[in-house]
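For the numbering used here, add 397 to where a residue sits in the sequence shown, where the first one is 1. For each residue, glycine too, the CB sits at the ideal point set by N, CA and C. Please read all numbers here as calculations on a predicted model, not as lab measurements.
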Amino acid sequence: MISVNPCSPEIPKARLEIEGMNAYSAPLEGRRKLLRLDFNENTIGPSPKVIEAIRNITSEEIAVYPEYKGLRKAFANNLNASLSLGSIVPNQIAIFNGVDAAIHSIFYAYGDRGKIFLTTTPTFGYYNPCANMQGMKIIEIPYEGRSFNFPLNQISLSLRNLKPKILIICNPNNPTGTSLEARKIIQLAQESPQTLIVIDELYEAFLGDSIIPIVNFDQTPNLIVLRSLSKTSGLAGLRIGFAIGHPEVIDRINRVTGPYDINSFAVTAAFAALGDQVYIDNYVAEVLKARSWIKKELSKEKIHHHLNSGNYFLLWPDQNPIAIEEHLKTSGILVRNMKNKHLIDGSLRVSIGTTDQMKLFLDMYKKAAKLLH
Ligand SMILES: Cc1ncc(COP(=O)(O)O)c(C=O)c1O
């Protein structure tokens with residue numbers, strides 16, 4: 398008989414890299430019914446056409462595995478129409494369970510143990526855990542100066558000297574709003590054919606300088622672009638994102654995804670959202686109006702802030718940022734604390750919604766600041 402000690406069962410060990418990691422933790426609970434200015438989501442919800450399409454989902458559609466036919470084409474058509482192109486075709490597109498899953502798959506397919514992952518700092522928080530999972534060496538180049546300028550010389554130098562396996566540029570960058578001109582990215586890619594250069598364009602709609610119209614994936618197959626329906630289209634809860642690149646790179650990334658990773662609700666919603674570009678354009682226009690308004694007000698009120706492109710800005714309260722954050726939460730408004738983030742510790746990141754939502758935020762912020770003075 399085998400004797401088992403019930404008091405101290407041995408926990409099976411994961412891979413070495415996983416043993417050295419913590420789970421990615423974001424404050425994701427209890428956010429409903431509040432004004433959510435903490436994750437740069439769409440603050441008014443998706444197009445009514447999306448809601449209608451979801452309501453019309455039949456029991457059969459739920460009972461069978463999802464089908465993806467036509468979705469790549471619908472996304473390609475949407476890109477071609479909104480960027481005045483005709484060149485993007487379905488085999489240049491991969492579909493994912495959110496861009497998070499695209500990032501994960503890119504690292505899974507391309508991220509070798511011991512090889513270099515080059516990125517900037519501060520930036521989106523999910524790149525590094527994916528690099529760590531693969532046992533990559535992470536090199537982070539800081540944004541430069543008080544305006545958080547793009548560290549182009551340092552990135553160029555690192556590409557040349559270190560020959561990283563993967564470089565990710567978040568363009569515009571979350572959370573600094575920093576952007577790098579699309580044509581400069583093409584130049585970097587042409588100079589560094591050994592590196593897979595990933596351009597995370599999640600917030601590009603708020604900037605208007607996509608790389609897609611000027612990239613020729615046959616000439617720069619080492620470039621790949623990420624887009625999501627989470628932010629502008631308001632589908633964050635359904636999870637759908639896309640990668641656009643050379644068909645052979647797309648094929649390699651598809652090799653590491655599951656056959657049914659994206660569920661039928663997300664597919665149905667994506668068709669409806671992509672078919673209502675007017676709704677998305679109107680939302681983006683509303684956010685841009687609100688961005689101009691809040692920028693002016695923050696300067697008028699002499700509130701230390703940094704606002705560039707993107708649907709978000711950083712502000713540095715004179716008071717304890719945690720106390721301000723808590724106070725705002727009790728007033729029904731969520732913002733994201735940038736505590737321990739390189740270069741921006743002490744700041745709060747605030748998402749931009751409609752002008753009315755920004756008015757409410759500023760009112761509540763001023764009240765909190767006065768109370769905590
Ligand atoms: C820069 C950036 N990339 C990717 C993501 C993840 O996007 P998705 O919701 O499509 O997974 C986010 C979400 O906040 C983000 O800010």
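Cross-strand partners of residue i (DSSP beta bridge)
| i | result |
| --- | --- |
| Lys726 | For Lys726, which the question treats as bridged, DSSP gives no partner whatsoever. |
| Pro644 | None; Pro644 has no bridge partner. |
| Leu554 | Paired residue(s): none; Leu554 is not in a bridge. |
| Tyr709 | Ser748 |
| Asp597 | Cys567, Leu623 |
| Val732 | Leu434 |
| Lys534 | Ile513 |
| Pro539 | Thr518 |
| His702 | Leu712 |
| Asn546 | Glu541 |
Spatially closest choice to residue i from the options, by CA coordinates
| i | options | result |
| --- | --- | --- |
| Tyr709 | Gly655, Asn570, Gln587, Gln674 | Asn570 |
| Ile691 | Leu671, Glu537, Tyr762 | Tyr762 |
| Lys628 | Gly495, Pro487, Asn660, Lys693 | Gly495 |
| Lys699 | Gly707, Ser689, Asp715 | Asp715 |
| Asp497 | Ala528, Asp753, Asn619 | Ala528 |
| His600 | Phe662, Leu635, Lys534, Phe521 | The sequence given here has Tyr at residue 600, not His. Checking every option, the nearest Cα to that of Tyr600 belongs to Phe521. |
| Lys764 | Ile730, Asp658, Gly750 | Ile730 |
| Ser589 | Ser728, Pro561, Ile415, Tyr465 | Pro561 |
| Ala663 | Pro656, Arg636, Ser689 | Arg636 |
| Asn613 | Arg580, Leu604, Ser630, Gly605 | Arg580 |
| Asn546 | Leu704, Leu712, Ser422 | Leu704 |
| Ser479 | His739, Met755, Asp673, Pro548 | Asp673 |
| Glu414 | Glu449, Met533, Pro406, Pro445 | Met533 |
| Gly605 | Glu438, Ser706, Arg428, Ile459 | Ser706 |
| Val732 | Ser607, Arg543, Pro718 | Pro718 |
| Gln587 | Tyr421, Ser748, Arg428, Asn619 | Asn619 |
| Asn558 | Leu515, Ile677, Lys738, Met755 | Leu515 |
| Gly750 | Ile535, Leu482, Val646, Val681 | Val681 |
Near ligand 1: residue i beta-carbon under 7 Å from a heavy atom
| i | result |
| --- | --- |
| Val681 | no |
| Leu425 | no |
| Cys567 | yes |
| Gly638 | yes |
| Asp597 | yes |
| Val496 | yes |
| Ser422 | no |
| Phe521 | yes |
| Glu633 | Before going on, a small fix: residue 633 reads as Ala here, not Glu. Yes, ligand 1 has a heavy atom inside 7 Å of this Cβ. |
| Ser607 | no |
| Phe472 | no |
| Asn805 | One cannot answer for residue 805 here, as it falls past the ends of the chain, which runs 398 to 770. |
| Asn439 | no |
| Ser502 | no |
| Phe545 | no |
| Phe514 | no |
| Ser625 | yes |
| Phe603 | no |
| Asn571 | yes |
| Phe436 | yes |
Any chain D beta carbon closer than 8 Å to residue i
| i | result |
| --- | --- |
| Ser405 | Protein chain content of the structure displayed is limited to a single chain, and chain D is not contained in it. |
Would you mind listing the alpha helix (DSSP H) stretches within the segment 445-518 that are 4+ residues and don't spill past its ends, in chain order?
445-452, 456-460, 468-479, 496-507
Report yes or no: do the segment 553-566 and the segment 427-437 share at least 3 C-beta pairs separated by less than 8 Å?
no
Validate contact between the segment 477-491 and the segment 682-696 using beta carbons, cut 8 Å, 3 pairs
no
Would you list, in sequence order, the uninterrupted alpha helix (DSSP H) runs of no fewer than 4 residues that lie entirely inside the segment 622-699?
Segments of the alpha helix (DSSP H) lying fully in the segment 622-699: 644-651, 661-671, 674-697.
contact_flag[the segment 442-452, the segment 467-476] where n(CB pairs < 8 Å) is 3 or more
no
Are there three or more Cβ pairs, one per stretch, closer than 8 Å when the segment 735-745 is compared with the segment 438-446?
Too few Cβ pairs lie closer than 8 Å, so no.
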